[in-house]
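In our numbering, the protein residues as written are 635 to 730.
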């Protein structure tokens, strides 16, 4: 969930120089109630600017490819950090 939020914060800062408001919910199952962990998020369509005032962004532009690449990069770095520091409690022997 932190990676998802960090990805959106990074995009809003890069694209609009704003700090957004984000509400995140962890969803743990798919339609058939099988395990399917993912994050649902509500993102403000604007944010706090450098002057600490609320600013609305113009347009409806979302760069999906940027968000996808950024999320994967952050996730991979954090996963490697957990592994390198011994905090990753998984041996991956049962990975399909």
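Even glycine gets a Cβ: it sits at the ideal position worked out from N, Cα and C. Source: prediction; values computed, not measured.
Residue 658 sits in a strand when the DSSP states are folded into three classes. Membership of residue 646 in the alpha helix (DSSP H) is indicated by the continuous run 636-650. Judged by DSSP in its simplified three-state form, residue 713 adopts helix.
Segment contact: the region 705-723 against the region 672-689, fewer than three CB-CB distances shorter than 8 Å; contact not assigned. About 37 Å separates the beta carbons of residue 722 and residue 691, which is beyond the 8 Å limit, so they are not a contact pair. In the structure shown, residue 677 adopts extended strand secondary structure according to DSSP, grouped into three states.
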